[in-house]
Structure formats: C-alpha cells, structure tokens
Amino acid sequence: MDKKRVEQLLEQVKAGTCSVDEALASFERLRPDALGYACLDHQRALRTGRPEVIYGENKTAKQICGILHAMLARPGVVMATRVDEEKAAQVTASMADFSYYKEARMLVARAPAPEELRECGVVTVVSAGTSDMAVAEEARVTALSLGNRVESICDVGVAGIHRLYDHLDSLHRARVLVVVAGMEGALPGVIAGLVPTPVIAVPTSVGYGTGFGGVAALVGMLNSCAPGLAVVNIDNGFGAACMADAINR
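Residues in the sequence shown are numbered consecutively from 70, following our numbering.
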C-alpha cells in the first residue's frame, strides 16, 4: 500500500462507499508478514514511496516463490532482483504473473502501463560499454517499474567520447541521469561536466586486473571534480534507480 492508496481509502470512507471496518482491515494487512525464512515489510511503500524489493541472490527458487506469492496478495508492483535464469524459469513456471528480464536478471509483476508513468521527468540511463549493460538494464527496469519514463543511451564510453555528442539533447532533456561505467570509471564525471542534471554514477566490476572488481571505477568516481555527481556501490543499478526515482518525484 502506498500514499495514493491510503488517500483513496480515506476518500471512500468519507464518501460512505467503504466502511471504517473495511478500511481498518486494509491497514491490518500492512503488518509484517512472517514466512519463517523472511519477514515482509508491507508498509515500506507507504513510508518511502517504494515497495520492498526481493534480492534474489542466495535465495532458493522456492523461497523466492513464497515471498513473491505473499507480495502478490497486496496491490502494487512486485520486483525481484539478481535472479538467474534457472531460478527465474522455476518461478515463472508456477507464477504466470511475472515477466523475466534476462539481462537485468529481474522478475517483475504489475509494472505500470505506459499511460501510468509519471509525467514529471525522464530518467536517462547511460552505459559506457556493452559490457556494462547488465547493470544498466537493472537500473532501467527498476526505474521503469517504479513508474518513471526511461530512456537509454548505450556504448558511449570515453574511449570514443565523440559518440556522446550525438546524445547531448537527450542528456539535457533528462530530469536525472544514471551513468554506468567500469574500467577507470571516467564517463560520469565527463557527463556531469556537460549538463546541469543530477548524475548518479554506478561503477561496474568490468575491467582488467587493476580494476580490482570495480574498486578502481568506484574510487575514480568518488574523486571526480565535477559537481552534481553522486556515487552508489559497485554494480548497484537497483540502488541508482531508486535514487533517481526519489529525485524524479
């Protein structure tokens, strides 16, 4: 349940189309849902504007199914991240509600329809290279599922920085930018120096030995001299999209 749903319930009580007892029953269903291996936070969307999202890595397919089934009993979008193909196949075989986004490794049900996306701004996801696409896709699918209009710009890293110039209009049109890069992680700083738009930098674990699994990109982004740039954790496309969603609201 989110703020909009609470407002609807209160309006229905006021209009007499919903009894106080019925409204109270809806709030009762917001109590934590203890499954033994998980305790679901159904109040999260009401508190933060974004629902609880299931982190699928290291969970079994059976556990993921159990959690998603409990979440489907309530209104709203349902998402699971870091779900590999094998687990996703088991989930979708028993739960037809879900779409699987292979590159993003995400399961999503009840994503907003195009006409339901908010009009206030565009979240643009930019990736430095094709190897960064999995993280960029996690950001794109998350932002879209949270109700944002999303655009993508791919493979415009600094090794061929001239490729970026064709997209300057799109960069300026965005309300917030999520910029994903591995190797030395230079692209977010370059973009932050070109536009007035907030930039959320996502380092990826893409790179050779001295990339240290994304640490070099992370440190480079943290040390950028370009103002208006913030950095999330390595490979954290989901976290970047949630921050972009908060800014776009």
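Ideal placement from N, C-alpha and C gives every residue a C-beta, glycine not left out. Being a predicted model, the structure only gives us computed values, none of them experimental.
In terms of alpha-carbon separation, which member of the options lies closest to residue i?
| i | options | result |
| --- | --- | --- |
| Glu185 | Ser163, Tyr170, Ser200, Val219 | Val219 |
| Ala295 | Met312, Val259, Thr266 | Val259 |
| Val264 | Tyr277, Ile316, Val275, Leu246 | Leu246 |
| Phe307 | His138, Arg209, Glu91 | Arg209 |
| Tyr169 | Val249, Val122, Asp153, Thr199 | Asp153 |
| Leu141 | Glu155, Met164, Lys156 | Met164 |
| Val195 | Lys171, Ala250, Asp235, Pro181 | Ala250 |
| Asp166 | Arg179, Ser293, Gln132, Lys83 | Arg179 |
| Gln159 | Glu121, Ala139, Gln132 | Gln132 |
Specify the secondary structure class of residue i as computed by DSSP and reduced to three states.
| i | result |
| --- | --- |
| Val264 | coil |
| Arg218 | strand |
| Tyr277 | coil |
| Leu237 | helix |
| Asp186 | Checking the displayed sequence, the identity of residue 186 turns out to be Leu instead of Asp. Coil. |
| Val146 | coil |
| Ile316 | helix |
On the CB-based measure, 16 or more other CB atoms within 10 Å of its CB, does residue i come out buried or exposed?
| i | result |
| --- | --- |
| Thr273 | buried |
| Asp206 | Reading off the sequence shown, one finds Glu at residue 206, where the question assumed Asp. Buried, by the Cβ-count rule. |
| Ile230 | exposed |
| Ser88 | exposed |
| Asp314 | buried |
| Cys189 | exposed |
| Ala285 | buried |
| Thr279 | exposed |
| Asp201 | buried |
Am I right that residue i and residue j are in contact with their C-beta atoms under 8 Å? What's the rounded C-beta distance?
| i | j | result |
| --- | --- | --- |
| Gly125 | Ala149 | 5 Å |
| Pro257 | Leu298 | 6 Å |
| Ala270 | Met252 | In fact, because the Cβ distance is near 13 Å, the residues do not count as touching under 8 Å. |
Does the beta carbon of residue i fall short of 6 Å from some heavy atom of the ligand NAD?
| i | result |
| --- | --- |
| Leu298 | Questions concerning the ligand NAD fall outside what the structure shown contains, since it holds no ligand whatsoever. |
Is the beta carbon of residue i sitting closer than 7 Å to the one on residue j?
| i | j | result |
| --- | --- | --- |
| Asp224 | Thr199 | yes |
| Val268 | Val288 | no |
| Ala130 | Lys156 | yes |
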